[in-house]
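Undergrad: Chains as they are written, first to last, in this note's numbering: chain P, 1 to 648; chain U, 1 to 214.
Glycine is no exception: its CB is placed at the ideal position from the N, C-alpha and C atoms.
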Amino acid sequence: MEMPFLKANLKALQRHPHVYATVERSLAASLDASYRLEPAKNGLPTLIVEVEGRPITYHSRYDPAIEARRIVDAALQAGRTHVLVLGYGLGYSLEYILERLPVPGVSKQVHVIEPDPQVFVRALSCRDLQAVLNDPRVEWSVGASPDEAGERWGAGLDWTALEALTLVEHAPSIMRFHAYFERIKEKVRYLSSRSKGNLVTLMYTGNEFHTNAFANLPDVLGMPGVGRLFDRFAGVPAVIVAAGPSLEKNVHLLAEVRDRYLIISVDTSFRQLVARGIRPHIVLAADPSYLNSLDFVGVEHETDVVLAVEPMTHPDILTSFQGPKMAMTFGGGLHRLIDRFREPTGTLLSWGSISTTAFDLARRCACDPIVFVGLDLSFQDGRLYARGSYSDDVFYDRVHPYTSLEHETVEYIQTRGVHRIEMPDGTTRFTDENMHIYRSWFEDQFRQTRQKVINATEGGVVTKHVTCLPFREVMETWPGSPVPVGGILRELAKAPVRQDVPGLLGHLRELAAELRRQQNELRRATALCRKLGGQATAGSTPAMLTGPARAQYQELLDIHDHLLDSDELYAWYATHQTRFVTRHAAELKRLKANDDATVAAWVGEIAAFFASADRFHQYQIPLISTAIERLRGTRAAEVTTMTAGDPG
Amino acid sequence: MNILLNGQALSIEGVTPEVTLAELVDTVTEELKESGATIMEIAADDIRISIEQTDELETRRLVEFETIDILTATARDLLEMALGESEEIFGFIDESARNVAADLRNGKVKEAMERHLETLDGLEWLSSILKHLVVGFAAEMSETSIEPRRKQLFDRLAAQMAELQKAQEHTDWVGLADVLEYEIPEITAEGRTLFADLRELVPDAGEPENDDRG
């Protein structure tokens with residue numbers, strides 16, 4: 001096979017190490033005769049792949065470029081901001097897609113998914129792809145599983161910039177890998193609904209996460225991380241205790257397995273276990289809300305239970321709980337800040353429900369099998385949760401002489417139970433939007449999990465890619481061996497934590513200094529806004545400005561563009577001001593598209609940004625100051641300083 | 001009851017008033033076998049029934065009518081009619097092939113396959129006409145270059161129809177789309193030229209018919 005472009009393309013491909021590695025592995029097999037490159041009638045290369053003796057033509061043998069244009073024109077409507085290319089082939093479509101999208105565009109706004117690395121190697125061999133490989137608008141998944149490709153797409157996306165997604169499908173690839181691409185589409189639908197939900201959550205509760213994380217920062221820095229537990233329970237069965245109404249069916253059996261299973265409880269089911277005399281080994285907490293902190297009222301002194309907390313958890317839980325604590329992280333928020341100055345915390349997945357984190361913890365601990373109880377994710381017998389959870393307290397507050405707890409709960413179910421699910425046994429169950437998404441997540445993850453996963457809920461709606469068995473039967477089939485789970489946990493939890501308090505203090509002081517610098521800039525910028533907004537030139541367009549006004553306008557733009565150059569502070573600002581950031585981006589886009597936009601219009605929008613930055617400063621500076629004060633009070637004897645270059 | 005053949009009285013033995021029009025058609029078809037003529041339509045009193053309306057033919061009996069005229073056409077008649085309709089059919093083939101190709105390239109295989117059957121009908125019509133021209137217009141074509149062109153076009157069409165079939169069997173949709181988008185229009189273009197030249201040779205062919213059969 002002639003490879004006129006391979007060397008240059010491979011050099012460009014080094015920008016994408018994950019694809020480069022796949023291609024390197026595939027090059028050895030690139031002599032496979034089932035992939036035939038042939039010139040089309042117009043001289044461009046085309047590809048024919050023999051599959052089970054059948055030739056599949058990948059591109060027109062007459063004019064592949066025209067063919068690609070037509071496909072893209074049919075799919076890519078105006079206003080679409082992001083594109084998912086399903087099947088790359090030799091890449092004709094991508095080039096035309098990039099022509100149609102604005103430059104510079106948005107980072108990773110086009111994601112290319114090619115399931116067959118051999119096809120991609122042919123593309124690298126016969127066409128000059130350096131431009132598309134170097135284009136920051138494009139992200140690649142080659143030879144990845146559908147789940148990996150979907151996750152990469154979701155993880156790389158700037159969800160605030162996503163307005164409308166177009167799928168450009170390469171029909172021969174779709175036909176050849178039909179199930180693969182169906183799975184990708186399912187994954188994308190699922191990630192979209194979830195991540196847009198996350199964005200909305202961020203808009204409304206982002207501050208709460210951030211405030212809690214700063215309040216908990218000094219405590220979390222010194223806590224052992226759940227990373228210490230990873231792979232420490234290989235082959236030990238785990239049972240995850242969720243708080244669905246079916247928990248009451250088999251919760252009493254948990255006492256019989258405590259010496260053989262690792263029992264992980266979510267916050268909502270903790271009180272119910274304790275009330276029945278059952279102590280889980282680990283209880284997880286991550287909810288930032290005060291309401292969820294009520295789950296720990298009355299169980300603060302359970303010193304045989306390890307509390308694993310995410311830094312954003314409501315601070316009342318950390319201060320009130322008297323037992324051993326470990327830190328865990330979802331990888332967002334202050335994770336990057338904290339983990340630079342301590343041993344690795346241990347990152348776990350979270351998809352909105354703490355049960356998802358409990359599942360990931362069991363996986364990372366190498367437990368096998370992983371058994372769920374109380375994972376209804378649906379309403380059962382007119383109830384939301386098992387009796388005794390904090391939701392009962394919340395609903396009870398609404399009860400008055402003309403209603404009842406049951407009535408309030410049923411009303412909630414009737415309002416929220418929008419998803420009707422026909423079960424294999426012919427019964428019908430109802431679930432709400434959130435639980436519906438969690439169900440999809442679990443079923444999606446189950447199929448990606450190496451360990452055996454069993455749903456012993458004895459109810460609920462989670463049935464795909466999981467073995468459903470009564471818990472009694474699970475105990476008989478996987479009796480397990482006696483394991484000193486409590487002892488192992490205590491040992492892992494009490495070992496000293498490597499942390500660098502002086503380093504963190506120094507960094508926080510630098511951030512405080514940067515915020516003060518920004519405040520000075522803001523004062524200067526506000527004065528410039530006043531001048532430009534009040535001048536006779538306010539009605540002109542920016543291009544018409546001359547002399548000092550032009551220089552002042554340029555300075556204003558510079559401050560706007562560079563005020564938040566610190567990635568760390570910008571991330572916090574974007575969390576605090578999410579709604580403004582989204583609106584501001586749209587407004588700037590509108591102004592740029594309007595050649596007649598006046599200086600007054602521009603200055604007005606820029607001034608709004610400065611006001612937003614000021615609100616952020618008013619919020620952030622006290623958080624940093626408090627954290628610095630508390631860290632300065634940390635007793636030196638409790639600090640094990642990390643040395644420079646310590647791998648952690 | 002009068003039974004006519006193209007307006008001329010026809011005498012058929014063994015036909016009673018109780019037989020159906022379908023049975024009459026079968027009997028007459030048998031008798032016409034050697035003549036090369038084909039029954040096209042039955043004019044029963046004031047009702048016109050096409051030979052393709054088999055249900056109607058099978059339910060109606062001779063006794064219901066006073067006069068039944070059996071209208072026939074020869075192979076040449078049919079070819080002349082076909083030449084007259086060819087512009088419309090070529091247009092249909094081109095458009096249908098283009099749409100099927102576009103659907104296939106966009107992965108809409110189900111929609112494409114539904115339409116593709118109509119395209120194939122059109123191509124089979126063309127193949128049939130090209131095949132029978134040599135019989136219907138043998139005299140006119142013998143002294144011209146039309147016959148070698150006809151044969152060449154017939155062979156090319158046969159080859160491309162085989163390609164279509166092969167691509168369809170292999171579910172090679174891009175290969176199928178290529179033939180429909182690039183090869184078929186060339187064939188229909190050549191067909192148009194050929195038929196235009198033929199109409200010049202056979203002045204009656206393709207002229208609007210003074211068809212009193214409706």
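Establish whether the CB of Ala179/P and some CB of chain U are separated by less than 7 Å.
TA: So no, Ala179/P is outside the interface.
Undergrad: If you draw a straight line from the C-alpha of Ala586/P to the C-alpha of Ala551/P, how long is it?
TA: In a straight line, the C-alpha of Ala586/P is about 26 Å away from that of Ala551/P.
Undergrad: What span of residues does the alpha helix (DSSP H) with Thr74/U cover, start to end?
TA: No alpha helix (DSSP H) contains Thr74/U, which is instead part of the beta strand (DSSP E) from 67-74.
Undergrad: Using a Cβ-based criterion (distance less than 6 Å to any ligand heavy atom), does Val241/P qualify as near the ligand SAH?
TA: This structure simply doesn't include the ligand SAH, nor any ligand for that matter.
Undergrad: Are the segment 607-627 of chain P and the segment 29-38 of chain U in contact at 8 Å, needing three or more beta carbon pairs?
TA: At 8 Å Cβ cutoff, the stretches do not touch.
Undergrad: Figure out for me which residue from Trp478/P, Lys108/P, His314/P has the closest Cα to the Cα of Leu84/P.
TA: Nearest C-alpha to Leu84/P: Lys108/P.
Undergrad: Once the 5 residues before and after Ile421/P are set aside, which same chain residues still bring their CB inside 6 Å of it?
TA: Cβ within range, chain order: Arg429, Val461.
Undergrad: Indicate the three-state DSSP secondary structure (helix, strand or coil) for His584/P in the structure shown.
TA: Residue state, collapsed to three classes: helix.
Undergrad: Let me see if you follow: with CB-CB separation under 7 Å, is Ile113/P close to chain U or not?
TA: No, its Cβ sits nowhere closer than 7 Å to a Cβ of chain U.
Undergrad: Mind checking whether Val485/P and Leu254/P have CB atoms under 7 Å apart?
TA: Contact: no.
Undergrad: I need the straight-line Cα distance from Trp125/U to Ser50/U, nearest angstrom please.
TA: Computed Cα separation, rounded: 19 Å.
Undergrad: How would you list, in chain order, the residues of chain P whose beta-carbon sits under 8 Å from the beta-carbon of Asp178/U?
TA: Correct list: Thr57, Ser60, Arg61, Tyr62.
Undergrad: Using DSSP with H/G/I as helix, E/B as strand and the rest coil, what is Ala538/P?
TA: Helix, per DSSP.
Undergrad: Would you say Arg98/U reaches chain P, if we count a Cβ-Cβ gap shorter than 7 Å as a contact?
TA: False, the Cβ-Cβ gap to chain P never drops below 7 Å.
Undergrad: Is there contact here, the segment 359-378 of chain P with the segment 449-461 of chain P, by at least three beta-carbon pairs under 8 Å?
TA: Touching, yes, given that three or more Cβ pairs across the two stretches are closer than 8 Å.
Undergrad: Can you confirm whether Arg156/U, when its beta carbon is compared against all beta carbons of chain P, has any partner nearer than 7 Å?
TA: No, no contact with chain P.
Undergrad: Would you call the segment 166-186 of chain P and the segment 55-68 of chain P touching, i.e. three or more CB-CB distances under 8 Å?
TA: Yes, the segment 166-186 of chain P touches the segment 55-68 of chain P.
Undergrad: Using 7 Å as the limit for Cβ to Cβ distance, is Arg127/P near chain U?
TA: Not an interface residue.
Undergrad: Asp565/P: buried (16+ other C-beta within 10 angstroms of its C-beta) or exposed?
TA: The residue in question, Asp565/P, is exposed, as its Cβ has fewer than 16 Cβ neighbours within 10 Å.
Undergrad: In whole angstroms, give me the CA-to-CA distance for His507/P and Gly156/P.
TA: If I take the Cα positions, the gap works out to 28 Å.
Undergrad: Taking the alpha carbon of Thr431/P as the point to measure from, which residue in Ser350/P, Asp376/P, Val110/P, Gln554/P has its own alpha carbon closest?
TA: Cα-wise, what sits closest to Thr431/P is Asp376/P.
Undergrad: Flag this pair as touching only if the segment 110-130 of chain P and the segment 85-94 of chain P have three or more C-beta atom pairs under 8 Å; answer yes or no.
TA: Touching, per the Cβ criterion.
Undergrad: Name the chain P residues whose beta carbon is nearer than 9 Å to that of Ile172/U?
TA: Before going on, a small fix: residue 172/U reads as Asp here, not Ile. Ile48, Arg54, Pro55, Ile56, Thr57, Pro172, listed in chain order.
Undergrad: Is it buried or exposed for Ser26/P, if we count other Cβ within 10 angstroms and need 16 for buried?
TA: Burial call: buried.
Undergrad: Give the residues of chain U in contact with Glu169/P, contact being defined as C-beta atoms less than 9 Å apart.
TA: Asn106, Gly107, listed in chain order.
Undergrad: Hey, could you find the ends of the alpha helix (DSSP H) Trp602/P is sitting in?
TA: Looking at the DSSP string, the run of the alpha helix (DSSP H) that includes Trp602/P is 599-632.
Undergrad: If you drop the 5 nearest sequence neighbours on each side, which residues of the same chain put their C-beta closer than 7 Å to that of Ala102/U?
TA: There are no such residues.
Undergrad: Does Gly136/U get closer than 7 Å to chain P when you measure Cβ to Cβ?
TA: Not an interface residue.
Undergrad: What does the alpha-carbon distance come out to for the pair Glu555/P and Arg583/P?
TA: Their Cα atoms are separated by approximately 23 Å.
Undergrad: What separation, rounded to the nearest whole angstrom, lies between the Cα atoms of Asn520/P and Met312/P?
TA: Their Cα atoms are separated by approximately 31 Å.
Undergrad: Using a Cβ-Cβ distance under 7 Å, would Thr122/U count as near chain P?
TA: One point to set straight first is that residue 122/U is Gly, not Thr, in the sequence displayed. It does not: the Cβ of Gly122/U has no partner Cβ on chain P nearer than 7 Å.
Undergrad: So, is Ala637/P buried or exposed, given that buried needs 16 or more other C-beta atoms within 10 angstroms?
TA: Summary for Ala637/P: the model assigns pLDDT 36, below 50, so the residue's position carries little reliability; its value from the coordinates is reported in the next sentence. The residue in question, Ala637/P, is exposed, as its Cβ has fewer than 16 Cβ neighbours within 10 Å.
Undergrad: Kindly indicate which residue of Thr537/P, Val497/P, Thr357/P, Arg523/P has the alpha-carbon position closest to the one of Gln445/P.
TA: Answer by Cα proximity: Thr357/P.
Undergrad: Rounded to whole angstroms, what is the Cα-Cα separation between Asn9/P and Gly150/P?
TA: Looking at the two C-alpha atoms, the distance is approximately 25 Å.
Undergrad: Indicate whether Glu302/P and Gly333/P have their beta-carbon atoms separated by less than 7 Å.
TA: No.
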